[in-house]
Each structure stands twice: as structure tokens, then as C-alpha cells.
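Visitor: Numbering (full-length UniProt numbering), first residue to last: 1 to 225. One structure coming up, written as C-alpha cells, with questions to follow.
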Amino acid sequence: MTSEPQTDVTIAVFGATGQTGRHVLNHALQQGHGVRALARDPGKLRIKNDRLTVIAGDFDNVEALRETVMGATHVICCAGGTYGKGYDRGMMTRFIARIWPILDAEASVRTFLFQSVFFVPEPDGSNPAILKLLAPVAAYFTGATEMLRDNTAVTKFIAANRDVAFDTIVTRPGKIVDKQGGALLVASRTASFAAITFADLGAFTVSAVQDASLHGTYPFVAPKP
Numbered sequence: 001m002t003s004e005p006q007t008d009v010t011i012a013v014f015g016a017t018g019q020t021g022r023h024v025l026n027h028a029l030q031q032g033h034g035v036r037a038l039a040r041d042p043g044k045l046r047i048k049n050d051r052l053t054v055i056a057g058d059f060d061n062v063e064a065l066r067e068t069v070m071g072a073t074h075v076i077c078c079a080g081g082t083y084g085k086g087y088d089r090g091m092m093t094r095f096i097a098r099i100w101p102i103l104d105a106e107a108s109v110r111t112f113l114f115q116s117v118f119f120v121p122e123p124d125g126s127n128p129a130i131l132k133l134l135a136p137v138a139a140y141f142t143g144a145t146e147m148l149r150d151n152t153a154v155t156k157f158i159a160a161n162r163d164v165a166f167d168t169i170v171t172r173p174g175k176i177v178d179k180q181g182g183a184l185l186v187a188s189r190t191a192s193f194a195a196i197t198f199a200d201l202g203a204f205t206v207s208a209v210q211d212a213s214l215h216g217t218y219p220f221v222a223p224k225p
């Protein structure tokens, strides 16, 4: 990756209490970055660090959203709903539409990275043939049909609304497992069915949001060959 200089980096994280988000937060702090995290229940973030600022609130709280991105150079969204009937239909699309003008108004923000899901196509509908074939079946049997629709809508929204002051990246990780990390992950144009860990995905995401070569792209995430 071709990363930007590491000085004065502050990363705002949405979904910081989630399986990927907690590793994003930890890795960013380990790298010496400032971190601002939105949490509905701040008590779930059992981390004490002078570089961490936790804002209490949810996706419907516009003032909390503004406070979370205040002064941030990079913004990462790795939030997501539950599988199955409990998924809040359109939740991520509503959130992205709500935060878009807030990001554009915050002069410090350089890049926004949205962590999507594996089977989501690029905005023009293009996707590897195997994913087009498997997507509806996999979504049905995993209860992810609404999640897939929602994330697809987010990708289209981002592509249609790029006339903003910041750059965008949409990542599409595949199978993620909660095991010990240690593998180097890379952005890939080729879909990878290899399992990756939440820990490694967190580290990758912190690096990716600072990688100018990924601006405007929709990469898959794969282990480095």
C-alpha cells in the first residue's frame, strides 16, 4: 500500500464495538493515531487511552455524528446489523445518507472507508460470475438478503454522490473468523474465498483508509500471496 504520512492522523470509527471495529480501534491506537469512536453504550469499550475519545450516541443522533467526525482525518464505518429477520431494513443506507453532508462539512476529513460485504457488486452491477451466481443463494441461506440489498444500495449511493470534499473506499471482505491474527491482508481485484480474521481485517482497514491508491475503488480483501 502507498500510505499517506502518519503524522497527525485521527480516525473516526463507526461500529467500534463490533467484531471488526474493536480491532480497528486497537490497531489505530497501537499505531499512535488519535481515535474518535461513536458508541451507543460507551461501557462496551473497555479501553483507556489518552488518544481515544468516545462519543455516546447512535446513528440517529446527528449531533453525536458531528462530534465523532470533528477533527478526524479519516473515517471508517465497519458497522452492520444482525442477520435474518432482525435486520433493520435500509439501516446502513439511511445512516450513510445522514452522515454524508456531515462528512463533507468537516474540513479535516480526507477519506471515508465503508466496509461492505463480499457479494455486493460494484456500482455498475459488475461482479465476478461466481459471485453473481452464489449471491442470492448464499444470502437466502444465511439470512443476509436484506443486508445484501442494503449494502448494495450504500455502494450505489457513494458512487452517485462523490462530488464531495473527501475521497471514498468501499471494501468487500469475504469469510471472516474470530481467531488469532497475524496474516498480512491486501486489497485485491480478485474475489478471495480464503478465510481472514477480524484482527487482521482491523489492521488492514486502518492501513487501507490511508492508502491514496485505493480512492474511488471497491476492493476485495485477501491474504497476501
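Note that beta-carbon positions come from the ideal geometry of N, C-alpha and C, so glycine has one too. Note that the structure is predicted; figures quoted are calculated from it, not measured.
(1) Is the separation between the beta-carbon of phenylalanine 14 and that of alanine 64 shorter than 8 Å?
(2) Leucine 25 and alanine 16 look like a contact to me (Cβ under 8 Å); what is the Cβ gap, rounded to whole Å?
(3) Please state if the CB of arginine 172 and the CB of residue 279 are separated by a distance shorter than 8 Å.
(4) From which residue to which residue does the beta strand (DSSP E) around valine 186 run?
(5) For glycine 197 versus glycine 181, is the C-beta spacing smaller than 8 Å?
(6) Have a look at residue 249 and leucine 133 and give me their C-alpha separation to the nearest angstrom.
(7) When you compare each of Thr168, Arg36, Glu106 to lysine 48 by their alpha carbons, which one comes out closest?
(8) According to DSSP, simplified to helix, strand and coil, what is valine 69?
(9) For the pair the stretch 123–142 and the stretch 89–101, tell me if three or more CB-CB distances fall below 8 Å.
(10) Quick check on the DSSP output: what are the complete alpha helix (DSSP H) runs of length 4 or more inside the stretch 143–211, in order along the chain?
(11) Between threonine 147 and the rest of its own chain, which residues show a CB-CB distance below 8 Å, the 5 nearest in sequence each way excluded?
(12) What is the DSSP secondary structure of alanine 105, counted as helix, strand or coil?
(13) Which of the three DSSP states is assigned to phenylalanine 95 in this structure?
(14) Residues in the same chain with beta-carbon distance under 7 Å from serine 3, minus the five sequence neighbours each way, listed in chain order, please.
(15) Express the C-alpha separation of glycine 216 and methionine 92 in angstroms, rounding to a whole number.
(16) Let me know the secondary structure DSSP gives glutamine 115 once reduced to three states.
Guide: Taking the definition as stated:
(1) Counted from its first residue, the sequence shown places residue 14 at position 14. Counted from its first residue, the sequence shown places residue 64 at position 64. Contact annotation: phenylalanine 14 and alanine 64 have beta-carbon atoms that are not nearer than 8 Å.
(2) Numbered from 1 along the sequence shown, position 25 holds the residue referred to as residue 25. Numbered from 1 along the sequence shown, position 16 holds the residue referred to as residue 16. The Cβ separation is near 5 Å, so the contact holds.
(3) No answer is possible for residue 279: the residues shown for the chain start at 1 and end at 225.
(4) As a working mapping, residue 186 is identified with position 186 in the sequence shown. Counting along the chain, the beta strand (DSSP E) containing valine 186 begins and ends at 185–188.
(5) For the purposes of this step, residue 197 is taken as the residue at position 197 of the sequence shown. For the purposes of this step, residue 181 is taken as the residue at position 181 of the sequence shown. A small fix is needed here, since residue 197 is threonine in this sequence, not glycine. Yes, these two residues count as a Cβ contact at 8 Å.
(6) Outside the displayed span of the chain (1 to 225) sits residue 249, for which this structure offers no information.
(7) Counting from 1 along the sequence shown, the entry for residue 48 is found at position 48. For lysine 48, the closest of Thr168, Arg36, Glu106 by C-alpha to C-alpha distance is Arg36.
(8) Position 69 of the sequence shown holds residue 69. Three-state DSSP puts valine 69 in a helix.
(9) Taking 8 Å as the limit for Cβ pairs, the verdict is that the stretch 89–101 does not touch the stretch 123–142.
(10) Fully enclosed alpha helix (DSSP H) runs of 4 or longer: 145–160, 198–208.
(11) Here the question's residue 147 lines up with position 147 in the sequence shown. Here residue 147 turns out to be methionine, not threonine, going by the sequence shown. The residues are Gly80, Gly81, Tyr83, Tyr87, Val117, Ala139.
(12) Along the sequence shown, one-based indexing puts residue 105 at 105. In the structure shown, alanine 105 sits in a helix (DSSP, three-state: H, G or I).
(13) Start at 1 with the first residue of the sequence shown, and residue 95 comes out as number 95. Phenylalanine 95 falls in the helix class under three-state DSSP.
(14) Here residue 3 refers to the residue found at position 3 when the sequence shown is read from its first residue. Note that serine 3 has pLDDT 46, beneath the 50 cutoff, so the model's placement of it is unreliable and the number below is only indicative. Ser207, Gln210, Asp211, listed in sequence order.
(15) Within the sequence shown, residue 92 is the residue found at index 92, counting from 1. Within the sequence shown, residue 216 is the residue found at index 216, counting from 1. Each residue's alpha carbon lies about 19 Å from the other.
(16) Within the sequence shown, residue 115 is the residue found at index 115, counting from 1. Under the three-state reduction of DSSP, glutamine 115 is assigned to strand.
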